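This report refers to the structure that appears directly beneath it.
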Amino acid sequence: MAIFIDEKTKLVIQGITGRDGSFHAAQMIEYGTRVVAGVTPGKGGQRFDAAGASVPIFDTMDRAVAETRADTSVVYVPPAFAADAIMEAADAGIGFIVAITEGIPVLDMTRVYEYVRGKGARLLGPNCPGLLSPGKSKVGIMPGNIATAGGVGVVSRSGTLTYEVVWHLTQAGIGQTTCVGIGGDPIIGTSFIDCLEAFEADPDTRAVAMIGEIGGRDEQRAAEFVAGEMSKPVVGFIAGQTAPPGRRMGHAGAIISGSSGTAGEKIAAFEQHGVGVAHRPAEVADLIQGAL
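Residue 1006, in the working numbering, is where the sequence shown stops; the numbers in between run on with no holes.
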């Protein structure tokens, strides 16, 4: 099994004719994802051809879902329009929405977060790389060739470190059920705990690698969840351990306030709650190997 997406996922791409949307649409089709529709206002009736597939383009999400029964969407819409695109997907009945777009205003996300929850849909991101269930489906921008199918779940706030940890696992002969990038913005739709809960319920996931960052308290809350709710081993790594004090890092969520949100505080929480601690990304695979 896998979490959130699998080989049955029917994907619609919002912004399929843009630069990023068209490039990654071709990558997802080539990987084997069931891309059933694209949406670009004003280009309805055209088709997107790539990797031997021909995907219909619609003007609206309502029409795309009605015609194709898509159940998942991925958003490559510019920041100024992304909030409306996410809400349009929820209105159309999409149950799982992945927002890749970087730079969506926080005030927009406060509105989107509650709206999507009110519709009963799940949002992943924004400002995230999406997710990948090896051999089944990929939604977003993760490179498919770094992953292989197996029994480890991966959840990460850091886009590039997601790739590095997945690659180390694969090189060590450790496959993955699903690799999820949740994004580093202050307001995101799916948290560490949401993913840990899903991995705990997935019978094929035997262990979890969790990649956190400095800033906020999400990792501390996740560690408490691991201690209280999870039967499967979890290994963690915190990015930004060498960040200079007071320096604002690349992710909007990586802001340290006083002693709260430091790498030291997060590592201590991991150790206190039974999460194995890797001090370098390459150590994650060794710790997972020992835990299996």
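Using N, Cα and C, we set each Cβ at its ideal position, and we do this for glycine too. Bear in mind the structure is a predicted one, so any value in this text is a computation, not a measurement.
Contacting residues, own chain, Cβ-Cβ under 8 Å from residue i (five flanking each side not counted)
{"i": "E781", "result": "A751, P770, F772"}
{"i": "S736", "result": "I730, F762, A764"}
{"i": "A794", "result": "none"}
Assigned exposure category for residue i - 16 Cβ within 10 Å defines buried
{"i": "G766", "result": "exposed"}
{"i": "D899", "result": "buried"}
{"i": "K722", "result": "exposed"}
{"i": "R748", "result": "buried"}
{"i": "S945", "result": "exposed"}
{"i": "S851", "result": "buried"}
{"i": "M715", "result": "exposed"}
{"i": "S768", "result": "exposed"}
{"i": "H993", "result": "exposed"}
{"i": "T824", "result": "exposed"}
{"i": "Q885", "result": "exposed"}
Same chain, Cβ closer than 7 Å to residue i, five either side skipped, listed in chain order
{"i": "L1006", "result": "R920, A921"}
{"i": "G849", "result": "A863"}
As assigned by DSSP and simplified to three states, the class of residue i
{"i": "I730", "result": "coil"}
{"i": "D805", "result": "helix"}
{"i": "C893", "result": "strand"}
{"i": "L837", "result": "strand"}
{"i": "E816", "result": "coil"}
{"i": "A784", "result": "coil"}
{"i": "I719", "result": "coil"}
{"i": "V880", "result": "helix"}
6 Å Cβ shell around residue i - same chain, five flanking residues per side excluded
{"i": "A912", "result": "I717"}
{"i": "A937", "result": "A983, F984, H987, V989"}
{"i": "P755", "result": "D773"}
DSSP bridge partner residues for residue i (one or two, in chain order)
{"i": "S847", "result": "S851"}
Margin query: With three or more C-beta pairs closer than 8 Å as the rule, is the segment 859 to 869 touching the segment 908 to 920?
Written below: With a cut-off of 8 Å, the segment 859 to 869 and the segment 908 to 920 count as touching, because enough Cβ pairs lie within range.
Margin query: Check whether the segment 825 to 841 and the segment 804 to 815 are in contact - that is, three or more C-beta pairs closer than 8 Å.
Written below: yes
Next item on the list: Give a yes or no on contact between the segment 726 to 733 and the segment 783 to 791, applying the rule of three or more CB pairs nearer than 8 Å.
Entry: yes
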